[in-house]
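Notes to accompany the following structure.
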Amino acid sequence: MMGLTSSQQQALDYFTAYAFTYKAEAKATIQHILKMSNITDELFEHAVHQMKTTAQIGVHFHPDRPTATMLNVADSMLKHGEVKSQFETLISNGKVSPLPGGDRDLWEEKIFGGAYQSNHAKMNERPKYGALNLMLHPDGPSPRFGSCYFLLAPNVSSRSTFTYLDSHQNPFEKGTYQEFDLILAALLEELFTRESALGEKNLTPTRFIHHVFSSIKKGRRGSVANRNLNHYMEAQIHGPISLEKDVEVLVADPSFKNTTVGKTLEQICSRYSINLEWHMGFTLHEDDVPADFRGPSMPSLAKRISKEKFIDAHTIGLAVMDLKQNPDAWCDRGTYEEVLQELMLLWHVLVKYGRPMEP
């Protein structure tokens, strides 16, 4: 594929070959579910075509997190005009392990067949992570990884690999758009047996097909947050993500409106011709933070960082920046890494239990 390095193309080829190995079994599962659901092959193929040509990958991020150079993520994006991997930024909204031989390096070696571990592969060649935005929830396809998200041009998906659920678990279901049957089989099987998938309840194969034509094709996002922390179709994007060439929409958290970070987000959209939209956001009173979701330390952490007794994405980001600049002031809660992990988990609590900031 033009524009990809040999390592990036090798990763794509590895996924494609893997998925082809299980193509017959995946096809049989698909055919069985289509028959039981009374969906014709023609209708299904038409729906798959619509998904591949119109569905966008969402890339979540926290715009106010400090990078290794102490620029925040938004400032770094404005300056460089691209989305970078954690091997370049040295930060992550999931597992932070940005060094050769670390956890992420080891699981990328396993999942991509060693494509990025060859001597000629550079750190800036590593994949960036997102999720295919199939359900069009306003808070994005995988909000656990960030309060804001970019929606990429659909053609970026042709140089992406996919896993059904999170790649760090090395799931069986992998694929590319060239060989997508394993992913489709996993999706249909969950829809058929559980009547839910991708964080959406009361969803059957027939209802999903209808959703493809009524919403995905027309790009209609919903108005109610889904708070989907765990169920997504992960996408690994190989090659650069240019803000100017590859990003179509930025959906931002309203807690950043009228802040320095918010103004930077507006500059990014202006400079790189990106449409700016705002989702409803989340806010949570410190007294409503539960002690039985993400650990018993969450209520005390919320009380410590709250502004006028409330937390939101912006207040959590301010705490992360303060931790970076004044780590000694947080030593009563543990090491730098432990407190950073706590703040990441508090974001999960906010997504799960927060109330909309705006209609």
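All residue numbers for the sequence shown refer to my numbering, where the first residue is 98 and numbers rise by one.
Positions of the beta carbon are idealized from the N, C-alpha and C atoms, including for glycine.
Tell me which same chain residues have a C-beta within less than 7 Å of the C-beta of residue 414, skipping the five on either side of it?
Within the sequence shown, numbered from 1, the residue matching residue 414 stands at position 317. Around residue 414: 159, 161 and 162.
N-terminal and C-terminal residue of the beta strand (DSSP E) that residue 333 is part of
Here the question's residue 333 lines up with position 236 in the sequence shown. Per DSSP, residue 333 belongs to the beta strand (DSSP E) from 330-334.
How many Å lie between residue 206 and residue 224 at the Cα?
As a position in the sequence shown, residue 206 is number 109, starting the count at 1. As a position in the sequence shown, residue 224 is number 127, starting the count at 1. C-alpha separation (whole angstroms): 12 Å.
Please identify the residue among 429, 420, 455 and 452 whose C-alpha is closest to the C-alpha of residue 167.
Mapped onto the sequence shown, residue 167 falls at position 70. Per the Cα distances, 420.
Residue burial classification, residue 357 (beta-carbon count within 10 angstroms, cutoff 16):
As a first step, residue 357 must be located in the sequence shown, where it is residue number 260. Under this definition residue 357 is an exposed residue.
What are the residues that DSSP puts in a beta bridge with residue 409?
Residue numbering aside, residue 409 sits at position 312 when the sequence shown is read from its first letter. According to DSSP, which records beta bridges pairwise, residue 409 is partnered with 380.
With C-beta atoms as the reference, is residue 347 less than 8 Å away from residue 381?
Taking the first residue of the sequence shown as 1, we reach residue 347 at position 250. Taking the first residue of the sequence shown as 1, we reach residue 381 at position 284. It is not a contact, given that the beta carbons lie outside the stated cut-off.
Can you grab the Cα-Cα spacing for the pair residue 259 / residue 398, in whole Å?
Residue mapping note: residue 259 aligns to position 162 of the sequence shown, counting from 1. Residue mapping note: residue 398 aligns to position 301 of the sequence shown, counting from 1. Distance between the alpha carbons of residue 259 and residue 398: 35 Å.
I'd like the span of the beta strand (DSSP E) that includes residue 375, first residue to last.
Residue mapping note: residue 375 aligns to position 278 of the sequence shown, counting from 1. 372-375 is the span of the beta strand (DSSP E), which, as asked, contains residue 375.
Relative to the C-alpha of residue 364, which candidate in 176, 442, 339 and 411 has its C-alpha closest?
Within the sequence shown, numbered from 1, the residue matching residue 364 stands at position 267. For residue 364, the nearest C-alpha among the options comes from 176.
Quick check: what's the CA-CA separation for residue 310 versus residue 287?
Position 213 of the sequence shown, counted from the first residue, corresponds to residue 310. Position 190 of the sequence shown, counted from the first residue, corresponds to residue 287. Cα to Cα, residue 310 sits roughly 20 Å from residue 287.
Count the other C-beta atoms from every protein chain shown that fall within 10 angstroms of the C-beta of residue 291, then say buried if there are 16 or more, exposed otherwise.
Residue numbering aside, residue 291 sits at position 194 when the sequence shown is read from its first letter. Its Cβ having fewer than 16 others within 10 Å, residue 291 is exposed.
Is residue 225 helix, strand or coil when you go by DSSP?
Here residue 225 corresponds to residue number 128 of the sequence shown, with the count starting at 1. Here residue 225 sits in strand by DSSP.
Check this for me: beta carbons of residue 314 and residue 147, under 8 Å apart or not?
Residue mapping note: residue 314 aligns to position 217 of the sequence shown, counting from 1. Residue mapping note: residue 147 aligns to position 50 of the sequence shown, counting from 1. In contact: residue 314 and residue 147 (Cβ atoms closer than 8 Å).
CA-to-CA distance, residue 378 to residue 308, given in whole angstroms
Your numbering for residue 308 matches position 211 in the sequence shown. Your numbering for residue 378 matches position 281 in the sequence shown. Straight-line spacing of the CA atoms in residue 308 and residue 378 works out to 24 Å.
Who are the Cβ neighbours of residue 394 in its own chain at under 7 Å, not counting the five residues just before and after it?
Counting from 1 along the sequence shown, the entry for residue 394 is found at position 297. Closer than 7 Å at the Cβ level, and outside the excluded window around residue 394, lie 439.
Identify whether residue 261 lies in helix, strand or coil by the three-state DSSP scheme.
Translated into positions along the sequence shown, residue 261 becomes position 164. Strand, per DSSP.
On the criterion of 16 or more Cβ atoms from any shown chain inside 10 Å, does residue 98 qualify as buried, or is it exposed?
Within the sequence shown, the letter at position 1 stands for residue 98. With fewer than 16 other CB atoms across the displayed protein chains lying within 10 angstroms of its CB, residue 98 is exposed.
In the DSSP assignment, the beta strand (DSSP E) including residue 345 goes from what residue to what residue?
On the sequence shown, position 248 is the one that residue 345 refers to. Taken as a continuous stretch (DSSP letters only), the beta strand (DSSP E) holding residue 345 covers 344-349.
Can you say whether residue 241 is buried or exposed, counting buried as having 16 or more other CB atoms within 10 angstroms of its CB?
Position 144 of the sequence shown holds residue 241. Burial state of residue 241 is buried, judged by a 10 Å Cβ sphere holding 16 or more other Cβ atoms.
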